[in-house]
Amino acid sequence: MTATSLGWQHHFIETNNIRLHCVTQGEGELVVLLHGFPEFWYSWRHQIPALAKHFKVVVPDLRGYNDSDKPATGYDLDTLSGDIRGLIERLGYTQAHIVGHDWGGTIAWHLAHKFPHLLDRLVILNAPHPQQLMQEMIGNVDQLRRSWYLLALQVPALPEWLIRQNLPGIVKGLFQGQAIRKGAFTTKDTEIYQAALEKPGVLSAVLNYYRQFLSPQTWLANWGHSPTPITVPTLVLWGEEDFLFSQKLTERMDRLVSASFNLKLLRHCGHWIQQEVPQTVNRELLDFFKS
4 MTATSLGWQH
14 HFIETNNIRL
24 HCVTQGEGEL
34 VVLLHGFPEF
44 WYSWRHQIPA
54 LAKHFKVVVP
64 DLRGYNDSDK
74 PATGYDLDTL
84 SGDIRGLIER
94 LGYTQAHIVG
104 HDWGGTIAWH
114 LAHKFPHLLD
124 RLVILNAPHP
134 QQLMQEMIGN
144 VDQLRRSWYL
154 LALQVPALPE
164 WLIRQNLPGI
174 VKGLFQGQAI
184 RKGAFTTKDT
194 EIYQAALEKP
204 GVLSAVLNYY
214 RQFLSPQTWL
224 ANWGHSPTPI
234 TVPTLVLWGE
244 EDFLFSQKLT
254 ERMDRLVSAS
264 FNLKLLRHCG
274 HWIQQEVPQT
284 VNRELLDFFK
294 S
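Numbering (my numbering), first residue to last: 4 to 294.
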């Protein structure tokens, strides 16, 4: 897949004192697609050309990933949301449709709380609200079992070394092994994801997302606080057979949104929703943005 053949372009955009690598295509209203772990812009390869027929699509590598800058700090949700706010403003827009999957979805939730004026519409793909996830990790044994890796990654340095030693098997296991629709990932796909993770500084940067999320400062800042309601129309698409997140995390999501809210559960689909059922996701996104 080349930029020339598919019509998309690669750019570097300065935002929030860092430089983000972005893939862009199309013209019109702005759609920003935010990837999760352990991905990068490539996880939206099926959505970019479909959405670009109607919108300007911008897909950044998040801070620390692939070809974006990898600073030692800035992996808290306030800073990560600031990255996307700056990206929207540097592109010359006052609003954008925001779509986030996994960690990108966590950032999208936070962005909608902190900068509601920047969002036209919000779409979440298999990403729990961060405060709901914190609560479920304490009170839900099933979710705690699924999230064991969050605790394991808190150990300094050792996780990076272990992952580096076993990277091909880990990447293949995460994508091909855990996908419900096995045809979603080719060997070439897993090689592309592996190559992005092998770039200098990436592993430590991306693990800092988890370390910051479970830091004592983050827990103290959020514990007992009810998030302000999200005021933009929100769509949640959720693969029912997600190996990372319990479907229980979708319960009471509607209470987080004071605007129109729609939750759609997709059967025979796992965590990698936009790659496992790309045509369904594309259709839902277009219908939602155009309605």
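The beta carbon of each residue, even a glycine, is placed where N, CA and C say it ideally should be.
Keep in mind it's a predicted model, so treat the numbers as computed, not measured.
Classification of residue i by the beta-carbon crowding that lies within 10 angstroms, buried from 16 upward
{"i": "Gln282", "result": "exposed"}
{"i": "Arg66", "result": "buried"}
{"i": "Asn69", "result": "buried"}
{"i": "Thr190", "result": "exposed"}
{"i": "Gly108", "result": "buried"}
{"i": "Gly176", "result": "exposed"}
Pair within 8 Å by beta-carbon distance, residue i and residue j
{"i": "Val239", "j": "Ile101", "result": "no"}
{"i": "Gly103", "j": "Ala130", "result": "yes"}
{"i": "Ile276", "j": "Gly242", "result": "yes"}
{"i": "Arg167", "j": "Cys272", "result": "no"}
{"i": "Asp64", "j": "Phe43", "result": "yes"}
{"i": "His132", "j": "Leu9", "result": "no"}
{"i": "Ser263", "j": "Pro236", "result": "yes"}
{"i": "Thr193", "j": "Val174", "result": "yes"}
{"i": "Val61", "j": "Trp47", "result": "no"}
{"i": "His274", "j": "Phe292", "result": "no"}
Whole-angstrom distance between residue j and residue i, CA atom to CA atom
{"i": "Trp164", "j": "Phe248", "result": "26 Å"}
{"i": "Tyr213", "j": "Gln28", "result": "31 Å"}
{"i": "His24", "j": "Arg88", "result": "15 Å"}
{"i": "Ala6", "j": "Asp81", "result": "Note that Ala6 has pLDDT 48, beneath the 50 cutoff, so the model's placement of it is unreliable and the number below is only indicative. Their backbone Cα atoms lie some 32 Å apart in a straight line."}
{"i": "Asp257", "j": "Val280", "result": "24 Å"}
{"i": "Met4", "j": "Gln250", "result": "Reliability of the predicted coordinates at Met4 is poor, the pLDDT of 45 falling under 50, and the value obtained from them is presented with this limitation in mind. For Met4 and Gln250, the distance between alpha carbons rounds to 34 Å."}
{"i": "Ser207", "j": "Ala160", "result": "8 Å"}
{"i": "Leu252", "j": "Leu125", "result": "18 Å"}
{"i": "Ser261", "j": "Thr234", "result": "5 Å"}
{"i": "Asn20", "j": "Ser71", "result": "12 Å"}
{"i": "Arg22", "j": "Gly77", "result": "13 Å"}
{"i": "Gln98", "j": "Ala199", "result": "30 Å"}
{"i": "Gln220", "j": "Asp79", "result": "10 Å"}
{"i": "Leu289", "j": "Leu54", "result": "7 Å"}
{"i": "Gln135", "j": "Gln12", "result": "37 Å"}
{"i": "Leu217", "j": "Arg255", "result": "23 Å"}
{"i": "Gly180", "j": "Phe188", "result": "10 Å"}
{"i": "Asp123", "j": "Lys73", "result": "29 Å"}
{"i": "Lys56", "j": "Gln157", "result": "42 Å"}
{"i": "Leu37", "j": "Ile51", "result": "12 Å"}
{"i": "Phe15", "j": "Gly95", "result": "15 Å"}
{"i": "His116", "j": "Pro230", "result": "7 Å"}
{"i": "Arg270", "j": "Gly186", "result": "16 Å"}
{"i": "Thr203", "j": "Ala111", "result": "It is worth fixing the name first, because residue 203 is Pro in this sequence and not Thr. If I take the Cα positions, the gap works out to 27 Å."}
8 Å contact criterion, which residue i and residue j should meet: CB distance rounded
{"i": "Glu32", "j": "Arg93", "result": "Their Cβ separation, rounded to whole angstroms, is 17 Å, which puts Glu32 and Arg93 out of contact at 8 Å."}
{"i": "Leu90", "j": "Val35", "result": "7 Å"}
{"i": "Leu210", "j": "Pro162", "result": "6 Å"}
{"i": "His49", "j": "Gln278", "result": "7 Å"}
{"i": "Lys267", "j": "Glu244", "result": "With 8 Å as the limit, Lys267 and Glu244 do not qualify as a contact, their Cβ atoms being about 15 Å apart."}
Test: residue i CB closer than 8 Å to a CB of chain D
{"i": "Gly95", "result": "Looking at the structure shown, chain D is missing, and only one protein chain is on hand."}
Runs of alpha helix (DSSP H) wholly within the segment 93-132 (minimum 4 residues, chain order): 106-117, all fully within the segment 93-132.
Ordered list of alpha helix (DSSP H) runs contained in the segment 12-83, each at least 4 residues: As far as the segment 12-83 is concerned, its whole alpha helix (DSSP H) runs of at least 4 residues are 51-55.
Start-end ranges of the alpha helix (DSSP H) lying completely within the segment 188-258, minimum 4 residues: The segment 188-258 contains these whole alpha helix (DSSP H) runs: 190-200, 205-216 and 219-225.
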